[in-house]
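The opening residue of the first sequence carries number 10 in my numbering; numbering runs sequentially from there.
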Amino acid sequence: MCGALGVEQDGQDVVLMGWVNRRRDHGNLIFLDVRDRTGITQVVLDKEVSGEAHAKAEAARSEYVVAVKGRVRRRGAGLDNPNMATGQIEVVASELLLLNESKTPPFSPAEDAIANEEVRLKYRYLDLRRPQMQHNFELRSKVAMAIRNYLVDQGFLEIETPFMTRSTPEGARDYLVPSRVHAGHFYALPQSPQIFKQILMISGFDKYFQIARCFRDEDLRADRQPEFTQIDLEMSFPRQEMVFRVVEGFLTAAFATAGISLTTPFVQMTYDEAIKNYGIDKPDMRLPAMVDLTDELTPELRETLKIEKALPVLGFVIPEAGTLSGTQKRGLVDEIRLAFGDCGLDFLDVARLKTNAAFAPLAETIERKVSAAAADLIVVTTPKLGISEKHSKGELYGELKYAPNWFSDRLEIAIYKRVGALRLQLAAKFADKHGRFVKTGTEADFKFLWVTDFPMYEWDEETKVWNAAHHPFTSPHEEDIKAGRLTSDKGAVRALAYDIVLNGTELGSGSIRIHRQDVQAEIFRSLGMSDEEAKERFGFFLDALEYGTPPHGGIALGLDRIVMILAGATSLREVIAFPKTAKAIDLMVDAPSVPTEQQMKELHLKTVTRS
RNA sequence: GGGGACGUAGCUCAGUUGGUUAGAGCGCUGCCCUGUCACGGCAGAGGUCGCGGGUUCGAGCCCCGUCGUCCCCGCCA
């Protein structure tokens, strides 16, 4: 292989096959850089060595497929290329075959500058030839294999579940597949194998896993594709810590394939703590936390900053941001105001903190509380959100989605989330300076975290109902059931649900499930689902629960996201061979497409145009 | 559904206050070249300025609409 040659092979006869990465024609001497999956080797075609091979090389062009027969030679003094892995050797060709020609490609896989995504996706086969992409998919393959091996070693069984099924209870929109045999009936592609894996527990497969494709018809993001791959697993008789240890185990194995050793167990915090300290349920631990400064502010300072009495004031630090000029500061404030509304905020570096008339008396306290270093930027803020005492709890939950237990009765909690978002946006803005997001290939680049005790219910402001925050098979905390909160105080019910977070990205989420039919029925009722409705949607599952269901629980992790972060990429498209655009289009095969009339007829379908 | 950025040669991009013949680098084609490795030299080809409409004496540039790509909000266990 092209990348496998080194000085050890000096003098050996070899055959190389690959693509012409570059051609350098010196007349009677031609260099071809031949590329395959493993790397690039320089091939020398000397007219005096083989006139025939040399003549063929004259016709060779970029991306031609060639076979070279020749001898490995240590390059002469001063001819080594230190920029190339194989730069100490070259292959002197005695024979050259042009196995296939290539049209001039719209962009060259050899180029350092990458074309725009539209072109890359249309000519995906060319894009995938790029060494970076080849590396990503080698990494992905190895990671998946390491996880498989680990789980199998731990006694997990890999079991497949159907793609053509019925809706799973995940709340996302389904992709539907029309049935030819049953007019008007549709299969749904699974949003996850959730129900099947629980059934497998009931079936006695006490440790199941699957690297499973999942489908969700929702709008996309850089880290969301309509079809994606999950490492899905479920265990019987677990405590959640048992699930954590399994996940930490396979992640350690997976990261080891990339040469990164992880320290376990991972850090753990509750959902409430995450919101309170980071303003988000998936904290990026590479950045410092927020600090509540409410009790530190004097009434005079509140006056100066025009902060209403009731609102909490939060501070945080952007590391290494350096000193901002007045203009920069004003620009930043305007920008933030645009995105976050009036924040009553101020940006202060440590020096300014001490000289600012309003803040000076508190300088030391604030500096100490936010643990600011000299070059750090201190942000003191309270987004106002137009919140007042008049706002109902429901409206607040709408803003908040969840209602963490510790502030069930307070009105200003959405602020924590706003400030959390602000913290992330500002950190991204100063990313070049603080370097916290830079990947160096060490353990420190990967900050894992377990977030536990998620709320059981979330308030849907549009429909004015409580929904299951995770899914309706998640078990609430026993004490919350006993305290009657399922009916009296839904917002305060904690679930035995947990997320695993890496660098601010949710990698996966899982829960301990309900294994008792009576509890399950109570949950459905608490979600406003009638017994009939529950039976209609999940009847088969409720039946199964009644035949000796073991306590069980599990988790599912996004394989694509793991590989993305490990590869240092910022989009899933870099680690999915044939991804879709933000509008769920495959630009290479041009999918989705219009079916033929014959297909439509057989499927009993008719297209209606919505006006 | 909403907001933002982008769309000019095959690719990456520049294009001033609206002005006459739209440029650069890379790539491509031909010729030359025996030590290059982002080879070099000479010559050359290559444009529906995304698309449609409008304003104007005149539009790559201004306005409206539309399509596409990307990012974000909503949405998404």
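Where is the CB? At the ideal position from N, CA and C, for every residue including glycine.
What does the Cβ neighbour count give for residue i, buried or exposed, with the cut at 16 atoms within 10 Å?
| i | result |
| --- | --- |
| residue 483 | buried |
| residue 194 | exposed |
| residue 60 | exposed |
| residue 425 | buried |
| residue 615 | exposed |
| residue 396 | Note on residue 396: pLDDT 39, under 50, position unreliable in the model; the coordinate value appears next. Buried, since its Cβ has 16 or more Cβ neighbours within 10 Å. |
| residue 25 | buried |
| residue 69 | buried |
| residue 401 | Low confidence applies to residue 401: its pLDDT is 38, below 50, so where it sits in the model is not reliable enough to give any reading. |
| residue 607 | exposed |
| residue 288 | buried |
| residue 411 | Summary for residue 411: the model assigns pLDDT 42, below 50, so the residue's position carries little reliability; its value from the coordinates is reported in the next sentence. Residue 411 should be labelled buried. |
| residue 524 | buried |
| residue 280 | buried |
| residue 558 | buried |
| residue 500 | buried |
| residue 299 | buried |
| residue 589 | buried |
| residue 268 | exposed |
| residue 434 | exposed |
| residue 62 | buried |
| residue 304 | exposed |
| residue 556 | exposed |
Can you give me the start and stop residues for the alpha helix (DSSP H) that residue i sits inside?
| i | result |
| --- | --- |
| residue 200 | Element bounds for residue 200: n/a, residue is neither H nor E. |
| residue 390 | That residue, residue 390, is in no alpha helix (DSSP H); its beta strand (DSSP E) goes 386 to 390. |
| residue 455 | From DSSP, residue 455 is part of no alpha helix (DSSP H); its letter is neither H nor E. |
| residue 377 | 372 to 378 |
| residue 74 | Looking at the DSSP string, residue 74 is not in any alpha helix (DSSP H); the run it does join, the beta strand (DSSP E), is 74 to 83. |
| residue 19 | Per DSSP, residue 19 belongs to no alpha helix (DSSP H) and is neither H nor E. |
| residue 496 | 494 to 497 |
| residue 606 | 606 to 611 |
| residue 664 | The chain is shown only over 10 to 620; residue 664 falls outside these bounds and no answer can be derived. |
| residue 443 | 440 to 443 |
Could you give the first and the last residue of the continuous beta strand (DSSP E) run that contains residue i?
| i | result |
| --- | --- |
| residue 187 | 185 to 187 |
| residue 563 | 561 to 567 |
| residue 98 | 98 to 109 |
| residue 327 | 323 to 327 |
| residue 474 | 474 to 477 |
Taking 9 Å as the cut-off, decide whether the C-beta atoms of residue i and residue j are in contact.
| i | j | result |
| --- | --- | --- |
| residue 277 | residue 253 | yes |
| residue 241 | residue 463 | no |
| residue 536 | residue 492 | no |
| residue 389 | residue 324 | yes |
| residue 140 | residue 177 | no |
| residue 220 | residue 511 | no |
| residue 117 | residue 150 | no |
| residue 205 | residue 238 | no |
| residue 689 | residue 32 | The structure shown does not extend to residue 689, since the chain spans only 10 to 620, so no value can be given for it. |
| residue 227 | residue 181 | yes |
| residue 508 | residue 460 | yes |
| residue 593 | residue 601 | yes |
| residue 326 | residue 380 | yes |
| residue 322 | residue 302 | yes |
| residue 115 | residue 88 | no |
| residue 542 | residue 443 | no |
| residue 540 | residue 530 | yes |
| residue 613 | residue 187 | yes |
| residue 93 | residue 51 | yes |
Roughly how far, in whole angstroms, is the beta-carbon of residue i from the beta-carbon of residue j, given that I think they are within contact range, below 8 Å?
| i | j | result |
| --- | --- | --- |
| residue 244 | residue 562 | 7 Å |
| residue 452 | residue 272 | 7 Å |
| residue 458 | residue 517 | Contact flag wrong, Cβ pair sits at about 12 Å. |
| residue 183 | residue 160 | That belief does not hold up - the Cβ atoms of residue 183 and residue 160 are roughly 28 Å apart, past 8 Å. |
| residue 54 | residue 102 | 5 Å |
| residue 583 | residue 145 | 6 Å |
| residue 514 | residue 574 | 6 Å |
| residue 4 | residue 83 | Here the chain comprises residues numbered 10 to 620, so residue 4 is not present and cannot be evaluated. |
| residue 104 | residue 78 | 4 Å |
| residue 74 | residue 28 | 6 Å |
| residue 43 | residue 98 | Their Cβ separation, rounded to whole angstroms, is 13 Å, which puts residue 43 and residue 98 out of contact at 8 Å. |
| residue 207 | residue 522 | 6 Å |
| residue 255 | residue 163 | 7 Å |
How about residue i: is its Cβ closer than 8 Å to a heavy atom in the ligand FAD?
| i | result |
| --- | --- |
| residue 583 | As presented, the structure is devoid of all ligands, the ligand FAD included, so that no description of it is given. |
- Query: Which runs of the alpha helix (DSSP H) fall wholly inside the region 504 to 553 and span at least 4 residues, in chain order?
  - Reply: You should have 526 to 535.
- [ ] Let me know the alpha helix (DSSP H) ranges lying completely inside the region 213 to 295, each 4 residues or longer, listed in chain order.
- [x] You should have 249 to 265 and 280 to 287.
TODO: Write down every uninterrupted run of the alpha helix (DSSP H) in the region 28 to 70 whose length is 4 residues or greater and which is fully enclosed by it, in chain order.
DONE: Runs of the alpha helix (DSSP H) inside the region 28 to 70: 60 to 68.
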